[in-house]
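Engineer:
In the numbering used here, the protein residues as written are 218 to 811.
Following this line, the structure appears as structure tokens:
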């Protein structure tokens, strides 16, 4: 959570295009806010305040989402920014449609299936060796996403929406313990590059809590994009600087600390940047208890996996009366959907396969595997896509990890909704700040599988020319009778899918309020031998679930950092962010009272 001085937040309004003022001010109200006129939920109060100010001045949800995202690129630079990419899901209230933008990073045109194999010994690179290198950086998709969304659905020019973030970058924000710890955790990698060290290791150390963090280079980059459009990022001097950083990593002659691996160059070219597009794609869609669930299709696996798991749960006749049974089925459905995800889902998966995985008939095939009294042995095999009944295929591959990313949720007074998850992959990306430009590059290409995890079957997530790696990001919009009911998403690497799914289970099956559904302790079963769980979940539910045969791995401090908005009828909103995770989130509404 970042705290900008109040005077700076108040003055951000002057950087927006003129619009009629609204009588009551936009307000943030901690992790949960109730009210009218529009709502914003993020991990950061400065970003939330910027989004609310756009809404207050007449902008729509798309306008507010872009301005909010740009601000998060300043205050949450280790999780997201213009050096990365993401997925933008939009509900258009006037047209009654849900659309998505694929802003996922793309690999170089020369990428092959052996891209992450060391030619010296024929073995895959260690993850950290691949991560902190030019090899890991894909073409960033965030700027193209903003421009596409702004042109398609926005009411304000992109130039005006970047100005508040540029102001924050110039004036700075107060470093908190989370920010400092994220730098400390990356100090060895950051210290290998002068541009990164200069920005995030002043005097050779992480910035002190309470100090002011400024980024004038990023402010200038935002202003350049504002003046010249996205083309200024994908062509010309900025693109040349990105490619130079990737092809010739700017390793310091006097690094701070040591790094165990050689820092390898990548092969991204200016042509790769110049030809990048952020296409609109059809969303995934499934039904659950009379609600329509919309999500992101490939190259994300989130929409398909969440749909499959919900469909399995719908087959199982669950009720809030038996919480242990609900959690048991939630964990089993998660494992089954992850098995199928690993076997079948990648950037190039045929639509007919995706449709089948999200179908009720497939859910019946998979739900019949679950026993109400005994947990399945993990890992479970994927289903046989060409068979019927309960016939499994051979066992799939390992669990995916990952922990970075950020998420925002925005709704406006007209009923438009944006759910947007974006990332630079690992916390700190590939550790390289582009010199003179102020942003970290992503390490998104390490989301490809380095080797075939599905042998003897084909692995759908191996690298390939200009291919986009599979993602777990799961921005989700739920409609009731064709109107928005709930929107939510989360960071967390592969745990994103289970975090979004568990919040939906809490709200839609267990009947919790949205704030309670967000705050409830979490567990993640991604088809691994041990469940990854927060301590409070393990303490409260572990004994009953272990009695059914579930096993737990080591506890983790927290899972996810979700944001959500629920529509309450009569124009009302519940905006919800995390009450404690990732230093608490920030939710706000335009009018706290009607």
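C-beta atoms are modelled at their ideal positions from N, C-alpha and C, and glycine is treated no differently. Small disclaimer: the values here were computed from a predicted structure and weren't measured.
Roughly how many whole angstroms lie between the Cα atoms of residue 559 and residue 597?
Structural biologist: The sequence position of residue 559 within the chain shown is 342, counting from 1. The sequence position of residue 597 within the chain shown is 380, counting from 1. Rounded to whole angstroms, residue 559 to residue 597 spans 11 Å at the Cα level.
Engineer: Going by DSSP in three states, residue 545 sits in which element: helix, strand or coil?
Structural biologist: Residue 545 sits at position 328 when you count from the first residue of the chain shown. Looking at residue 545 - three-state DSSP - the assignment turns out to be helix.
Engineer: State the CB to CB distance for the pair residue 330 and residue 681, rounded to an integer number of angstroms; the pair is presumed to be in contact (CB under 8 Å).
Structural biologist: Taking the chain shown and counting its residues from 1, the one referred to as residue 330 is at position 113. Taking the chain shown and counting its residues from 1, the one referred to as residue 681 is at position 464. Confirmed, about 6 Å.
Engineer: Going by the DSSP bridge assignment, what does residue 700 pair with across the sheet?
Structural biologist: On the chain shown, position 483 is the one that residue 700 refers to. According to DSSP, which records beta bridges pairwise, residue 700 is partnered with 697.
Engineer: Check residue 868 in the structure and name its three-state DSSP category.
Structural biologist: The requested residue 868 is not part of the displayed model; the chain covers only 218 to 811.
Engineer: Which whole-angstrom value is the C-beta distance of residue 359 and residue 652, which I expect to be below 8 Å?
Structural biologist: The sequence position of residue 359 within the chain shown is 142, counting from 1. The sequence position of residue 652 within the chain shown is 435, counting from 1. Their Cβ separation, rounded to whole angstroms, is 19 Å, which puts residue 359 and residue 652 out of contact at 8 Å.
Engineer: Taking only runs of the alpha helix (DSSP H) that begin and end inside the stretch 423 to 487, which ones reach a length of at least 4 residues, in chain order?
Structural biologist: With a minimum length of 4 residues, the continuous alpha helix (DSSP H) runs that stay inside the stretch 423 to 487 are 433 to 445, 448 to 451 and 454 to 464.
Engineer: Taking the straight line between their C-alpha atoms, what separation do you get for residue 585 and residue 553?
Structural biologist: If you number the chain shown from 1, residue 585 lands on position 368. If you number the chain shown from 1, residue 553 lands on position 336. Approximately 11 Å between the Cα atoms of the pair.
Engineer: What's the C-alpha gap between residue 702 and residue 263?
Structural biologist: Indexing the chain shown from 1 puts residue 702 at position 485. Indexing the chain shown from 1 puts residue 263 at position 46. Those two C-alpha atoms are separated by around 26 Å.
Engineer: Who are residue 657's beta bridge partners in DSSP?
Structural biologist: Residue 657 sits at position 440 when you count from the first residue of the chain shown. DSSP, once it has assigned bridges, lists 650 as partnering residue 657.
Engineer: I'd like to know if the stretch 717 to 727 and the stretch 543 to 553 are in contact, where contact means that at least 3 CB-CB pairs between them fall below 8 Å.
Structural biologist: Result yes; three or more Cβ-Cβ pairs closer than 8 Å.
Engineer: Cα separation between residue 327 and residue 297?
Structural biologist: What you label residue 327 is simply residue 110 of the chain shown in a count that begins at 1. What you label residue 297 is simply residue 80 of the chain shown in a count that begins at 1. Rounded to the nearest angstrom, the two C-alpha atoms are 26 Å apart.
Engineer: Determine the DSSP secondary structure at residue 785, reduced to helix, strand or coil.
Structural biologist: Within the chain shown, the letter at position 568 stands for residue 785. Strand, per DSSP.
Engineer: In the structure shown, what three-state DSSP assignment does residue 492 receive?
Structural biologist: Taking the first residue of the chain shown as 1, we reach residue 492 at position 275. It is coil, neither helix nor strand.
Engineer: What residue ranges within the stretch 313 to 371 form continuous beta strand (DSSP E) runs of no fewer than 3 residues, ordered along the chain?
Structural biologist: You should have 314 to 320.
Engineer: What are the residues that DSSP puts in a beta bridge with residue 624?
Structural biologist: Position 407 of the chain shown, counted from the start, is the residue given in the question as residue 624. According to DSSP, residue 624 bridges with 638.
Engineer: Between the alpha carbons of residue 459 and residue 284, how many angstroms are there, rounded?
Structural biologist: Position 242 of the chain shown, counted from the first residue, corresponds to residue 459. Position 67 of the chain shown, counted from the first residue, corresponds to residue 284. Spanning the two alpha carbons is a distance of roughly 23 Å.
Engineer: Going by beta-carbon coordinates alone, are residue 646 and residue 301 separated by less than 8 Å?
Structural biologist: Locating residue 646 in the chain shown gives position 429, where the first residue counts as 1. Locating residue 301 in the chain shown gives position 84, where the first residue counts as 1. Yes, the pair counts as a contact, with Cβ atoms nearer than the cut-off.
Engineer: Rounded to whole angstroms, what is the Cα-Cα separation between residue 269 and residue 498?
Structural biologist: As a first step, residue 269 must be located in the chain shown, where it is residue number 52. As a first step, residue 498 must be located in the chain shown, where it is residue number 281. In a straight line, the C-alpha of residue 269 is about 28 Å away from that of residue 498.
Engineer: How is residue 385 classed by DSSP in three states: helix, strand or coil?
Structural biologist: Within the chain shown, the letter at position 168 stands for residue 385. In this structure, residue 385 counts as helix in the three-state DSSP scheme.
Engineer: For the putative contact between residue 431 and residue 387, defined by C-beta atoms under 8 Å, what is the C-beta separation to the nearest angstrom?
Structural biologist: Translated into the one-based positions of the chain shown, residue 431 becomes position 214. Translated into the one-based positions of the chain shown, residue 387 becomes position 170. Indeed they touch by this definition, with Cβ atoms about 7 Å apart.
Engineer: If you run the structure through DSSP and keep just helix, strand and coil, what is residue 261?
Structural biologist: As a first step, residue 261 must be located in the chain shown, where it is residue number 44. Correct three-state label for residue 261: coil.
Engineer: Thinking residue 548 and residue 749 are a contact (beta carbons under 8 Å), I'd like their distance in whole angstroms, please.
Structural biologist: Along the chain shown, one-based indexing puts residue 548 at 331. Along the chain shown, one-based indexing puts residue 749 at 532. At roughly 11 Å, the Cβ-Cβ gap does not stay under 8 Å, so residue 548 and residue 749 are not in contact.
Engineer: May I ask you to report which of helix, strand or coil DSSP gives residue 233?
Structural biologist: Reading the chain shown from its first residue, position 16 is the one you call residue 233. Any answer about residue 233 is weak, because its pLDDT of 39 lies below 50 and its placement is not dependable; what the coordinates show is given next. Reduced to three states, the DSSP call for residue 233 is coil.
Engineer: From residue 576 to residue 429, what distance separates their C-alpha atoms?
Structural biologist: Here the question's residue 576 lines up with position 359 in the chain shown. Here the question's residue 429 lines up with position 212 in the chain shown. One C-alpha to the other measures close to 51 Å.
Engineer: What would DSSP say about residue 807, mapped onto helix, strand or coil?
Structural biologist: Counted from its first residue, the chain shown places residue 807 at position 590. If DSSP states are grouped into helix, strand and coil, residue 807 belongs with the strands.
Engineer: Beta carbon of residue 282, beta carbon of residue 635: below 8 Å?
Structural biologist: As a working note, residue 282 is residue 65 in the chain shown. As a working note, residue 635 is residue 418 in the chain shown. Closer than 8 Å, so yes.
Engineer: Name the one or two DSSP bridge partners that residue 780 has.
Structural biologist: By 1-based counting over the chain shown, the position of residue 780 is 563. Note: residue 780 sits in a beta bridge opposite 706 and 794.
Engineer: Where do the ends of the alpha helix (DSSP H) carrying residue 578 lie?
Structural biologist: Reading the chain shown from its first residue, position 361 is the one you call residue 578. Residue 578 -> alpha helix (DSSP H) spans 577 to 584.
Engineer: Thinking C-alpha only, which one of 299, 555 and 515 is nearest residue 688?
Structural biologist: As a position in the chain shown, residue 688 is number 471, starting the count at 1. Residue 688 has its Cα closest to that of 515, out of 299, 555 and 515.
Engineer: Assign residue 590 to buried or exposed, taking buried as 16 or more other Cβ atoms, counted over all protein chains shown, within 10 Å of its Cβ.
Structural biologist: Indexing the chain shown from 1 puts residue 590 at position 373. Residue 590 should be labelled exposed.
Engineer: Could you give the residue range of the beta strand (DSSP E) that holds residue 308?
Structural biologist: Taking the chain shown and counting its residues from 1, one reaches residue 308 at position 91. Run containing residue 308: 302 to 309, per the beta strand (DSSP E) assignment.
Engineer: Checking 8 Å against the spacing of the C-beta atoms, do residue 319 and residue 289 come in under that value?
Structural biologist: Locating residue 319 in the chain shown gives position 102, where the first residue counts as 1. Locating residue 289 in the chain shown gives position 72, where the first residue counts as 1. Cβ distance not < 8 Å, so residue 319 and residue 289 don't count as in contact.
Engineer: Where residue 451 and residue 487 are concerned, what is the direct C-alpha to C-alpha distance, given to the nearest angstrom?
Structural biologist: One-based indexing of the chain shown puts residue 451 at position 234. One-based indexing of the chain shown puts residue 487 at position 270. The alpha-carbon atoms of residue 451 and residue 487 are separated by roughly 8 Å.
Engineer: What's the gap between the Cα of residue 374 and the Cα of residue 267?
Structural biologist: The sequence position of residue 374 within the chain shown is 157, counting from 1. The sequence position of residue 267 within the chain shown is 50, counting from 1. Each residue's alpha carbon lies about 16 Å from the other.
Engineer: Tell me the DSSP secondary structure of residue 274 in three-state form.
Structural biologist: Position 57 of the chain shown holds residue 274. Coil at residue 274, not helix or strand.
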